[in-house]
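Here is the structure we will look at, set down as structure tokens.
Numbering (the numbering used here), first residue to last: 379 to 648.
And the structure:
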């Protein structure tokens with residue numbers, strides 16, 4: 379029965395919790411199996427070959443559970459493996475780049491959009507291509523922010539050090555006359571208050587999680603009956619420190635979570 383199948387969310391670490399949170403809000407009846415590869419995070423500075431290997435190790439792990447859909451919540455992994463995963467897997471596979479691009483185009487007023495992400499995400503120009511496919515006359519400025527993910531993974535998103543790093547990193551964007559900024563890494567929404575403070579009120583931040591969850595809801599048959607029967611028991615798996623992951627997850631999701639450790643390295647790469 380479809381009610382027994384879960385939605386898998388995979389990410390390089392805790393960043394995908396921003397997507398999981400939105401899926402839990404929009405689809406409260408659905409069970410989530412979340413995998414964060416914290417031990418090998420960040421992905422953004424790794425080679426495409428490494429990113430592919432690690433991503434398919436996570437995919438192999440979650441495919442052991444009956445699934446109705448897979449969300450690749452990591453922008454870097456989306457840029458590298460989404461098309462291959464869509465072609466290989468017998469279920470809906472959703473990335474975060476296309477939904478984020480659509481949301482940005484809908485809100486920009488002056489057609490000047492910034493994208494911040496990992497080195498790989500920016501280097502592949504995945505967001506730029508997605509944006510220009512929708513609206514070819516946009517101005518798109520990209521910037522890699524490699525220091526941001528370690529701040530989030532170290533549970534330092536709400537510190538003065540984070541404020542200093544974000545301010546220094548984003549300084550060049552203050553002269554770009556942007557009115558929209560895509561948070562092109564799912565870790566970045568955890569830094570959103572500081573990013574917004576630095577960029578100013580007139581710059582709209584785009585977190586692709588909401589649009590991704592909306593697209594997910596269109597592609598699956600939801601289990602509305604479960605809502606009246608029982609609350610789904612989500613599972614969170616990390617290749618890193620389970621206690622550290624639990625601390626960040628419970629703070630972000632505002633609920634108790636079941637966290638297990640798995641190295642992921644023993645899974646078989648397709």
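Glycine included, C-beta positions come from ideal geometry on N, C-alpha and C.
Can you tell which of the options has its C-alpha closest to the C-alpha of residue i?
i           : options            : result
residue 561 : 539, 463, 574      : 574
residue 559 : 623, 624, 489, 469 : 489
residue 415 : 408, 404, 429, 407 : 429
residue 536 : 425, 572, 398      : 572
residue 394 : 640, 469, 614, 620 : 614
residue 505 : 417, 468, 586      : 586
residue 481 : 617, 552, 584, 442 : 584
residue 441 : 592, 577, 424, 468 : 468
residue 494 : 618, 551, 592, 637 : 551
Taking the continuous beta strand (DSSP E) assigned at residue i, which residues delimit it?
i           : result
residue 558 : 558 to 561
residue 583 : 582 to 584
residue 491 : 490 to 495
residue 385 : 384 to 389
residue 613 : 613 to 616
Determine the DSSP secondary structure at residue i, reduced to helix, strand or coil.
i           : result
residue 413 : strand
residue 505 : helix
residue 516 : coil
residue 642 : coil
residue 598 : coil
residue 459 : helix
residue 534 : coil
residue 587 : helix
residue 544 : helix
residue 522 : strand
Compare the beta carbon distance of residue i and residue j with 8 Å and say whether it is the shorter of the two.
i           : j           : result
residue 633 : residue 527 : no
residue 463 : residue 450 : yes
residue 568 : residue 543 : no
residue 447 : residue 594 : yes
residue 458 : residue 439 : no
residue 422 : residue 497 : yes
residue 470 : residue 590 : no
residue 391 : residue 612 : no
residue 509 : residue 549 : no
residue 456 : residue 473 : yes
residue 628 : residue 635 : yes
I need the boundaries of the alpha helix (DSSP H) containing residue i, first residue and last residue.
i           : result
residue 682 : With the chain covering only 379 through 648, there is no way to say anything about residue 682.
residue 651 : Nothing about residue 651 can be reported from this structure: the residues present for the chain run from 379 to 648 only.
residue 403 : 395 to 404
residue 574 : 570 to 577
residue 431 : 426 to 440
Per the contact definition of three or more C-beta pairs closer than 8 Å, is the stretch 492 to 502 in contact with the stretch 512 to 528?
yes
How about the stretch 380 to 389 and the stretch 403 to 410: do they share at least three Cβ pairs that are nearer than 8 Å?
yes
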